[in-house]
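**Q**
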Amino acid sequence: MDSSGPGLARTLASLLTRGTWVASIVIAAGLLASWEGKEARGAALTTAGIVIVILLPIVRIGRVMAYFAGLGERRFVGLCALVLAIIALSVLVGMQS
Amino acid sequence: MTLALEAQLFSVSLASSLLGGVLGMASGIFIVPLLVGLLGLDIRAAIAASIISVVACSAGGSGAGLRAGLVNIRLAVVLEVATTLGALSGVLVFGLVPIAWLYGLFAAILLLSARQMWQPRGVPVTGGRACRIGLGHGGGAGRARDAAFVEREAALAVRGHPGRARNRDAPEGIWRGWRAGRAWIAPGQAWRARWPAC
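Same order as they appear, the protein sequences are chains E and Z.
Start counting the first sequence at 1; every next residue gets the next number (this note's numbering).
Start counting the second sequence at 1001; every next residue gets the next number (this note's numbering).
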């Protein structure tokens, strides 16, 4: 039985929904700035919005890992750590290619 | 990038994410053909753009599933190990695969997805390996989850009362439905198991 309760689900839902809204607003601000001719500022804001989007699942995994750590479930803490390690490796590979 | 092109991209992305959210599929499966077919983008650029959009689509869309209690977080963590490894492998071979192969592979995936969507959904499953390794959802021994129970819920749901079906048989609301491993998919359809109930 999955004992990760509705509290964690609500926390993750709130994190993902609010994070997506923030990212959308930042990207929209970047597009508006670009349309007004402020190309550099627009590109910076759009990139910042995309970075927020990319960070959301990583923060989510971190939150889930903290939850399982609190429950003392080493197996799932290990799995979350493995996911984070693979993501870090992907970033390194992406930066080198 | 012109304003007209940005408006086109916005419309394409909106339609793709809408379809992806409704059908429970990654929106990239719609975005890539639309970007390549309608806007004439290189398939590699379309795939790279769709990967970002899929993250945004899933982050925004999964909130509703989480609030409704439909997400098995343990199962998601286990799946993520494989999906992140697969994505890393994809990044490594991305530049090595000829473009013609990418088109063929993408067409094959589209055909498989179409076949999956066309097939009728399965009935709830009880027990199995997922339960033994602690990934299934369970309601404890003795909980009625037989065929008649599922049929009754389905009948109520088809009549347009998913809430009644949920509330009548699950006084604690959707939380119990979640524990029982059932999910309300869409009006006119039955409750369906997404993972084994233990």
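We put the beta carbon where it would ideally sit given N, CA and C, even for glycine.
Is the separation between the beta-carbon of residue 1066 (chain Z) and that of residue 10 (chain E) shorter than 9 Å?
**A** Yes. Within cutoff.
**Q** Please confirm if residue 87 (chain E) has its CB atom under 9 Å from at least one CB of chain Z.
**A** Answer yes: the Cβ-Cβ gap between residue 87 (chain E) and chain Z drops below 9 Å somewhere.
**Q** Give me the Cβ distance between residue 1057 (chain Z) and residue 1095 (chain Z), rounded to the nearest whole Å; I'm assuming they're in contact under 8 Å.
**A** Their Cβ separation, rounded to whole angstroms, is 25 Å, which puts residue 1057 (chain Z) and residue 1095 (chain Z) out of contact at 8 Å.
**Q** Just confirm the distance between the C-beta atoms of residue 1032 (chain Z) and residue 76 (chain E), as a whole number of angstroms; I'd bet it's less than 8 Å.
**A** About 33 Å separates the two Cβ atoms, so there is no contact after all.
**Q** With DSSP as the reference, label residue 1062 (chain Z) as helix, strand or coil.
**A** It is helical.
**Q** Quick one: is residue 124 (chain E) buried, meaning 16 or more other Cβ sit within 10 Å of its Cβ, or exposed?
**A** For residue 124 (chain E) there is no data in the structure shown, the boundaries of chain E being 1 and 97.
**Q** Of the residues that make up the stretch 1044–1062 of chain Z, which ones have a beta carbon closer than 7 Å to any beta carbon in chain E?
**A** Listed by position along the chain: 1052, 1055, 1056, 1059, 1060 and 1062.
**Q** Apart from the five residues on each side of it in sequence, which residues of its chain come closer than 8 Å, Cβ to Cβ, to residue 32 (chain E)?
**A** These residues qualify, in order along the chain: 42.
**Q** Does the stretch 78–91 of chain E come close enough to the stretch 1074–1094 of chain Z that 3 or more CB-CB pairs lie under 8 Å?
**A** In short, these stretches touch, since the Cβ pair count reaches three.
**Q** Under the three-state reduction of DSSP, which class applies to residue 1182 (chain Z): helix, strand or coil?
**A** In this prediction, residue 1182 (chain Z) has a pLDDT of 43, which is less than 50 and means its spatial position is unreliable; what the coordinates show is noted afterwards. Looking at residue 1182 (chain Z) - three-state DSSP - the assignment turns out to be strand.
**Q** Keeping to the same chain, check which residues put their C-beta closer than 8 Å to that of residue 15 (chain E); ignore five residues upstream and five downstream.
**A** Only 56, 59, 60 and 63 meet the Cβ criterion.
**Q** With 9 Å as the threshold, decide whether the Cβ of residue 44 (chain E) is near any Cβ in chain Z.
**A** Answer no: the Cβ-Cβ gap between residue 44 (chain E) and chain Z never drops below 9 Å.
**Q** May I ask you to list, following chain order, the residues of the stretch 1083–1097 of chain Z that have a beta carbon less than 8 Å from some beta carbon of chain E?
**A** So the close ones are 1084, 1085, 1087, 1088, 1091, 1092 and 1095.
**Q** Does chain E have any CB closer than 9 Å to the CB of residue 1177 (chain Z)?
**A** Legend: pLDDT at residue 1177 (chain Z) = 45, less than 50; position of this residue unreliable, value from coordinates given subsequently. By this cut-off, residue 1177 (chain Z) is not an interface position.
**Q** Would you please verify whether the beta carbon of residue 10 (chain E) is less than 9 Å from any beta carbon of chain Z?
**A** Closer than 9 Å: yes.
**Q** Show which residues of chain E have a CB atom less than 7 Å away from the CB atom of residue 1069 (chain Z).
**A** 6 and 9, listed in chain order.
**Q** Could you give the C-beta distance for residue 89 (chain E) and residue 1088 (chain Z), rounded to a whole number, given that I count them as a contact under 8 Å?
**A** About 6 Å; that satisfies the 8 Å criterion.
**Q** Name the chain Z residues whose beta carbon is nearer than 7 Å to that of residue 19 (chain E)?
**A** Chain Z residues near residue 19 (chain E): 1059.
**Q** Kindly list, in the order they appear in chain E, the residues whose Cβ is closer than 7 Å to that of residue 1022 (chain Z).
**A** Simply none; closest approach about 17 Å.
**Q** For residue 1107 (chain Z), count neighbouring C-beta atoms within 10 Å of its own C-beta (all shown protein chains included) and say buried if the count is 16 or more, exposed if not.
**A** Its Cβ having fewer than 16 others within 10 Å, residue 1107 (chain Z) is exposed.
**Q** Considering just the uninterrupted stretch of the alpha helix (DSSP H) at residue 64 (chain E), what are its terminal residues?
**A** Start and end: 39–71.
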